[in-house]
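Take a look at the structure below.
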Amino acid sequence: MKQACRNVQKSALNRLSPQVSTHSGLILQRFLESQAEKADEPDHRKGNTPVGLHGKEKILDIAEQSVGGILPWYEQVYQRYVSQLQSCVTREMEVEGRLVVGLGSASPLETGLTLHHTYGIPYVPATALKGLASHYCGEVWGQEDERYRRGGEYHRFLFGTLEESGHIRFFDAWITPETLRGSLVRDVMTVHHPDYYQGDRPPTDFDDPNPIPFLSCKGHFLLALSSERTSYSDKWTSLTMELLNRALQQWGVGGKTNAGYGRMKAVVEKRERGEKR
């Protein structure tokens, strides 16, 4: 009975046309037809690369091509979202190179990527931005003023503690509609000594490199911060935005930041340089 159900599901899956999907996240999470248990299974794999109809390579291609499919609806959703940020301090940031958030999250494709659950678009979660800003504040600004160090007066005020929330609210950074199409791009990381990393044998020059394809992002993202309405709230919110801006420029957000991923730069700065010329 179980096998019969699987056969029906597989047949239904083969009749679908995910190339016309408008939700890249759904493609990545639900459309992998088979996952081989061993590297030498001929029905599903050729070497380390699946070759089935909905193998990993095929799924990445479909997701990459599908991200712009939701654009007509996303433009309306984005404008509605922006209209709710009237009391916030906002800044549009451009990814310099590539961005990959959620690389190590659970995924049937071995590598993950954080996409919006409802719309399937790239975004940076507020928790990631707050964590980056908090760490940068303590490590960098805290070197010059101990009040910005973790546990210091200003740090507690901005980011809170386990017992009390901070005064600054971080919002998810949504990608702008103008840069949505083509925002998912194919990338690859290569494990040169897979047996060594698994503890099986020492590394040698004869090891077979294992390229692992994954998706990363590019585009412009809208940052938004707000705070409790007090006489000095605008000052602290603007200060935190500058803090976050520097953290994104110098450290980056997400995975592989040591390799240059995740760096962002304010779009307004780029425009100002163009005007001066």
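Counting from 1, position 17 in the sequence shown corresponds to residue 17 in the UniProt record's numbering; the numbering is continuous, with no gaps.
Where is the CB? At the ideal position from N, CA and C, for every residue including glycine.
Kindly say whether residue i, judged by its beta-carbon, lies nearer than 8 Å to any beta-carbon of chain B.
{"i": "Leu99", "result": "Here there is only one protein chain, and chain B is not present."}
According to the neighbour-count rule (16 or more other Cβ atoms, all chains shown, within 10 Å of its Cβ), is residue i buried or exposed?
{"i": "Thr204", "result": "exposed"}
{"i": "Cys217", "result": "buried"}
{"i": "Pro72", "result": "exposed"}
{"i": "Ile59", "result": "buried"}
{"i": "Asp145", "result": "exposed"}
{"i": "Arg201", "result": "exposed"}
{"i": "Ser83", "result": "exposed"}
{"i": "Arg263", "result": "buried"}
{"i": "Val124", "result": "buried"}
{"i": "Lys235", "result": "exposed"}
{"i": "His23", "result": "buried"}
{"i": "His220", "result": "buried"}
{"i": "Gln29", "result": "buried"}
{"i": "Ser105", "result": "exposed"}
{"i": "Leu248", "result": "buried"}
Nearest CA to the CA of residue i: which residue from the options?
{"i": "Thr111", "options": "Pro211, Phe157 and Leu129", "result": "Pro211"}
{"i": "residue 278", "options": "Lys130, Val188 and Leu184", "result": "Beyond the ends of the chain as shown, which are 1 and 277, falls residue 278; an answer cannot be given."}
{"i": "Gly120", "options": "Gly255, Lys56, Gly25 and Gln250", "result": "Gly25"}
{"i": "Glu92", "options": "Gln65, Gly68 and Glu242", "result": "Glu242"}
{"i": "Thr90", "options": "Thr237, Gly252, Arg246 and Gly55", "result": "Thr237"}
{"i": "Leu132", "options": "Ser66, Gly252, Gln86 and Asn7", "result": "Gly252"}
Using DSSP's beta-bridge definition, name the partner residues of residue i.
{"i": "Met264", "result": "Val95"}
{"i": "Asn210", "result": "Val191"}
{"i": "Thr90", "result": "Ala224"}
{"i": "Gly252", "result": "Beta-bridge pairing links Gly252 to no other residue."}
{"i": "residue 296", "result": "Outside the displayed range of the chain (1 to 277) lies residue 296, so it cannot be described from this structure."}
{"i": "Ser216", "result": "Val185"}
{"i": "Leu115", "result": "Pro122"}
{"i": "Ser105", "result": "BP columns for Ser105 are empty, so no partner."}
Quick one: Cα of residue i to Cα of residue j, how far?
{"i": "Leu184", "j": "Pro122", "result": "8 Å"}
{"i": "Asp187", "j": "Cys88", "result": "35 Å"}
{"i": "His116", "j": "Gly142", "result": "33 Å"}
{"i": "Leu113", "j": "Gln3", "result": "31 Å"}
{"i": "Thr127", "j": "Gly254", "result": "11 Å"}
{"i": "Leu244", "j": "Thr190", "result": "31 Å"}
{"i": "Gly182", "j": "Val100", "result": "15 Å"}
{"i": "Ile27", "j": "Cys5", "result": "21 Å"}
{"i": "Val140", "j": "Asp172", "result": "24 Å"}
{"i": "Gly97", "j": "Arg147", "result": "34 Å"}
{"i": "Leu215", "j": "Ala266", "result": "23 Å"}
{"i": "Leu103", "j": "Tyr81", "result": "26 Å"}
{"i": "Glu64", "j": "Pro213", "result": "12 Å"}
{"i": "Asn258", "j": "Arg150", "result": "23 Å"}
{"i": "Thr55", "j": "Pro209", "result": "Per the sequence shown, the amino acid found at residue 55 is Gly instead of Thr. Answer to the nearest angstrom: the Cα atoms are 20 Å apart."}
{"i": "Arg45", "j": "Ile62", "result": "No answer about Arg45 holds up, because its pLDDT of 41 lies below 50 and its placement is not dependable."}
{"i": "Ser233", "j": "Glu57", "result": "49 Å"}
Could you tell me whether the region 167-175 touches the region 216-232, where touching means 3 or more Cβ pairs closer than 8 Å?
With the rule of 3 Cβ pairs closer than 8 Å, the region 167-175 counts as touching the region 216-232.
Are at least three pairs of beta-carbons, each pair with one atom in the region 100-109 and one in the region 142-159, less than 8 Å apart?
Below 8 Å, too few C-beta pairs join the region 100-109 and the region 142-159 to call them touching: fewer than three.
Any contact between the region 73-84 and the region 172-186? By contact I mean 3 or more CB pairs, one from each, below 8 Å.
Of all C-beta pairs linking the region 73-84 to the region 172-186, three or more are shorter than 8 Å, placing the two stretches in contact.
Quick test of the definition: if touching needs 3 or more C-beta pairs under 8 Å, does the region 180-200 touch the region 129-143?
no
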